[in-house]
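Written out as C-alpha cells, the structure is:
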C-alpha cells in the first residue's frame, strides 16, 4: 500500500531562482525502509520537509505537482494533522530541541495530542529507553553533547509512534557504536512495529543492510531507485558519487581481477561468508 | 608545535572533562582524535587555540602557554572549524563570511579578494558567493565554515567532525586537500567518528575515553585492534571487520585498505590453484 506518493512534485523556496525539487515522482509503501541519498545540496532535506508539510506550510514558496502522505494531500492539510502520521528527526538536533528538560521535550508532542497522563508517562519512558537515554530525563537538552542531543531528538519523535519516521542523518554526531545502536533501534521500529522509515544518509556502509530500497537524488530529481544491491553495482551510482560500501567495493575490485563471488555483497557478514566459500573451494 | 602537559579541565557545572592529558602535536603532523561521545575530544581541541584554558596543567603553542596569549592572537596561527557550522556562520553572504576574519587580521584588500576567491574555489562553493549561508544545505554550510578558516591560511587547522553531512565526493575532496595541506607542512587535527575516513587517510590517531587518552598510534594499528576500538566506542573499518571474521583462515587482521585487501585475497586464491 502506498503511504507516500508524489507526482511531478516541484518546489521552489521563496526568493530562490530555481526549484530545489523538480518533477519528482516516487512511491513509498507501508513498511518500507528507504535510504534517501545523493550529493549534498541535491534536495534530500527539502523533500523530507515536503513529507511532513513543513513545505509548503512553514517555508511557503511554490509547490507544484501532487504529494500525498498517508492518504492526505499535504498542500491541503495542516502540519499538525500530518504530525500524527509523520515524524521528522532534524539533521541538527539543536533546531528541534527547546524544552528545559529532556523528558519535557520528549513529552511535548504527546501533550499536543492530549494523551492521558499515564499513557504519556509510559510512552515517554519507552522512547527514552529505546534511544538509550533513560538516565538523562531530567537534564536540560542544551547542556548535552551533540550525540546525546541527537538521541533526544529521536526519542521525541519515537514517543509519538508515527506511521512514518523520517530521519535526516540521525546519527551524524554519534560515535560508531552509538550510531549502530540507533540504526538497530530504527530497524526494530521498522521490522517489529511496521513503522515506515525514510533515512537520509551518506554513510551507506552503516545503513545498507537494514534497507529494502535506496533512492538516489541529484539536482532535485530522482536518478536511481532500487534495492541496495542494484544501486551499489550500478555504474550511474558510481558516477554520481554515491558512497558505495567498502564491502561492495572489495567485490568490484576482485571482479576486475577475474574473481567472481556468487552474489554482490552489501554487508560485512555477506562478504565474509562469500570470501570464506571462495577461499575454501575454488 | 602544540603540547598538552597534565591537562585537566573541569566545566563550571562540575563536569570533569579532561583528566590529565599529555600529548604533543608536531608541526606538519596529521592527527585524528577519536573516541566515544562525551570522551572530551572537542574539549581537548578547544584548548589548542585557547578557547578553553586548562583548570590544571598547561597547553603550549609554539612554546607559549595559552594562558598568556589572547584567543585573537592565537587564531592567526590556529584555525578552528566548529562541529556545527551554525555556531560559526553569521554573515549575510558566503563571500562576506569568508572575508570577515581576513579583514580583522588587517590584510590588504587585494589579498582578501584573492584569498576569498581561492577558498571559494577550493571548497566548491563559488556559485554561492552572493548567497546567504543560511540558505544552503547542512553539508554546504559546513564547507563555508571550512573555507572561512582556510582563507587566512593558519599554520594549524583544527577540524571538528568535518565529514558530517558531506557526500562521498565531497569527502574524497576533503581528504585530498587535508593531505595537500599536510604536504605543505600544515598541522591538521581532525576530531572525527568517521572510521572509513580515517582508514583512508591513515593519520596518527589518539583514542579517547572518559577524559583520558586510551591509546595512540597509526590508524592501521589502532583501528584494527577490536578490544581498543570497542573501549573507544567505535567500530573497525568495514574491510577490517571482514578480515577479522576470516581470522581463522589465517588471513592478517590488520588490514584497513580496500586495495591491500584485494591484493591479499588474490594472493591467497592464486596459491590455492
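Protein chains in written order, with our numbering: chain D, 1 to 282; chain L, 1001 to 1273. Every residue gets a Cβ at the ideal spot worked out from N, C-alpha and C, and that includes glycine. All values reported here derive from a predicted model rather than from experimental measurement.
CA-to-CA distance, residue j to residue i, given in whole angstroms
i: residue 1140/L; j: residue 241/D; result: 16 Å
i: residue 67/D; j: residue 42/D; result: 19 Å
i: residue 166/D; j: residue 97/D; result: 16 Å
i: residue 339/D; j: residue 4/D; result: Residue coverage of chain D in this structure runs from 1 to 282, which leaves residue 339/D outside it and unanswerable.
i: residue 99/D; j: residue 108/D; result: 8 Å
i: residue 221/D; j: residue 47/D; result: 10 Å
i: residue 1167/L; j: residue 231/D; result: 16 Å
i: residue 193/D; j: residue 134/D; result: 21 Å
i: residue 1134/L; j: residue 58/D; result: 16 Å
i: residue 1235/L; j: residue 1085/L; result: 26 Å
i: residue 1192/L; j: residue 116/D; result: 43 Å
i: residue 200/D; j: residue 208/D; result: 12 Å
i: residue 1211/L; j: residue 1255/L; result: 29 Å
i: residue 1119/L; j: residue 1099/L; result: 10 Å
i: residue 33/D; j: residue 44/D; result: 16 Å
i: residue 114/D; j: residue 120/D; result: 9 Å
i: residue 141/D; j: residue 101/D; result: 6 Å
Element boundaries [beta strand (DSSP E), containing residue i]
i: residue 1030/L; result: 1030-1035
i: residue 133/D; result: Unbroken run through residue 133/D: none, as it is neither H nor E.
i: residue 1272/L; result: Premise fails: residue 1272/L lies in the alpha helix (DSSP H), 1258-1272, not in any beta strand (DSSP E).
i: residue 5/D; result: 2-12
i: residue 57/D; result: No beta strand (DSSP E) holds residue 57/D; the alpha helix (DSSP H) holding it covers 54-57.
i: residue 23/D; result: 21-29
i: residue 51/D; result: Looking at the DSSP string, residue 51/D is not in any beta strand (DSSP E); the run it does join, the alpha helix (DSSP H), is 44-51.
Contacting residues, own chain, Cβ-Cβ under 6 Å from residue i (five flanking each side not counted)
i: residue 62/D; result: 12
i: residue 1023/L; result: 1004
i: residue 1198/L; result: 1032, 1219
Nearest-angstrom beta carbon gap, residue j and residue i [assumed within contact, 8 Å]
i: residue 1208/L; j: residue 1053/L; result: Going by Cβ atoms, the distance from residue 1208/L to residue 1053/L rounds to 20 Å, so no, they are not a contact pair.
i: residue 91/D; j: residue 168/D; result: 4 Å
i: residue 1079/L; j: residue 1156/L; result: 7 Å
i: residue 275/D; j: residue 1246/L; result: 6 Å
i: residue 69/D; j: residue 89/D; result: Going by Cβ atoms, the distance from residue 69/D to residue 89/D rounds to 16 Å, so no, they are not a contact pair.
i: residue 271/D; j: residue 247/D; result: 4 Å
i: residue 106/D; j: residue 145/D; result: That belief does not hold up - the Cβ atoms of residue 106/D and residue 145/D are roughly 17 Å apart, past 8 Å.
i: residue 1258/L; j: residue 253/D; result: 6 Å
i: residue 1164/L; j: residue 1143/L; result: The Cβ separation is near 11 Å, so there is no contact.
i: residue 1108/L; j: residue 1148/L; result: Their Cβ separation, rounded to whole angstroms, is 18 Å, which puts residue 1108/L and residue 1148/L out of contact at 8 Å.
i: residue 21/D; j: residue 211/D; result: Not a contact, Cβ separation roughly 22 Å.
Cβ of residue i within 8 Å of any chain D Cβ
i: residue 1224/L; result: no
i: residue 1237/L; result: yes
i: residue 1081/L; result: no
i: residue 1246/L; result: yes
i: residue 1047/L; result: no
i: residue 1098/L; result: no
i: residue 1014/L; result: no
i: residue 1167/L; result: yes
i: residue 1233/L; result: yes
i: residue 1268/L; result: yes
i: residue 1213/L; result: no
i: residue 1104/L; result: no
i: residue 1040/L; result: no
i: residue 1253/L; result: no
i: residue 1025/L; result: no
i: residue 1202/L; result: no
i: residue 1033/L; result: no
Cβ of residue i within 8 Å of any chain L Cβ
i: residue 92/D; result: yes
i: residue 268/D; result: yes
i: residue 276/D; result: yes
i: residue 259/D; result: yes
i: residue 24/D; result: no
i: residue 98/D; result: no
Spatial neighbours of residue i in its chain, beta-carbon cut-off 8 Å, leaving aside the 5 residues before and after
i: residue 1111/L; result: 1102
i: residue 1015/L; result: none
i: residue 278/D; result: 259, 261
i: residue 131/D; result: 151, 152, 154, 155, 158, 182, 185
Boundaries of the alpha helix (DSSP H) in which residue i is found, first to last residue
i: residue 1182/L; result: 1168-1183
i: residue 1128/L; result: Run containing residue 1128/L: none; DSSP gives neither H nor E here.
i: residue 1231/L; result: 1226-1231
i: residue 139/D; result: Careful: residue 139/D lies outside any alpha helix (DSSP H) and carries neither H nor E.
i: residue 213/D; result: Here residue 213/D belongs to no alpha helix (DSSP H); instead the beta strand (DSSP E) covers 213-218.
i: residue 1007/L; result: Note, residue 1007/L: premise wrong, no alpha helix (DSSP H); beta strand (DSSP E) at 1002-1010.
i: residue 280/D; result: 268-280
Own chain, CB closer than 7 Å to residue i, minus 5 neighbours either side, in chain order
i: residue 1203/L; result: 1030, 1031, 1032, 1219
i: residue 229/D; result: 264, 266
i: residue 1095/L; result: 1116, 1129, 1130
i: residue 1069/L; result: 1050
Residue i beta carbon near the ligand SAH (any heavy atom closer than 7 Å)
i: residue 193/D; result: The ligand content of the structure shown is nil, which means the ligand SAH is not present either.
- Task: Anything in the segment 1057-1091 of chain L with a Cβ closer than 8 Å to a Cβ of chain A? List those residues in chain order, please.
- Result: No chain A is present in this structure, whose protein chains are D and L.
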